[in-house]
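Quick note, this note's numbering runs 34 ahead of the 1-based positions in the sequence shown.
Structure first, commentary second.
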Amino acid sequence: MALGAGVLMLAAGCSDLADPRDYGGGAEGRIFAQCVTRTETDNPSITREQAESLCTCLDERIAQGTERPIANGTVARSETQRALLRCAADLGIEAG
């Protein structure tokens, strides 16, 4: 069992996925890291820094109430993607 856990930790350390600890940790860091990872996966031509900028833009717009990709406690993936594309257009990032 300990060997399995060590292998999982090693694999996680080699992963190129965004690390929640890089974004403050906790639930907010996990959610932001998930946004970065999904944005990179959906748009392979953009960099991690661009994905971070897009997720920051989305986070700010949600806080301002100008984007609402969450309804009834569920994240609408298609609305989130549209919101990220609007952020990309505003930031001059080619995504899509």
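For glycine and all other residues, C-beta sits at the position ideal for the given N, C-alpha and C.
| Query | Result |
| --- | --- |
| Other residues of its chain near residue 95: CB distance less than 6 Å, five sequence neighbours each side excluded | 101 |
| Opening and closing residue of the alpha helix (DSSP H) in which residue 96 lies | 82 to 98 |
| Coil, strand or helix - residue 122 by DSSP | helix |
| CB-CB length for residue 86 against residue 109, believed under 8 Å | With 8 Å as the limit, residue 86 and residue 109 do not qualify as a contact, their Cβ atoms being about 19 Å apart. |
| Collapsed DSSP secondary structure at residue 67 in the structure displayed | helix |
| Which of helix, strand or coil DSSP assigns to residue 129 | coil |
| Through-space distance from residue 73 to residue 62, alpha-carbon basis | 16 Å |
| Residue closest to residue 113, alpha-carbon to alpha-carbon, out of 122, 50, 103, 107 | 103 |
| 7 Å CB neighbourhood of residue 84 in its chain, flanking five on each side removed | 127 |
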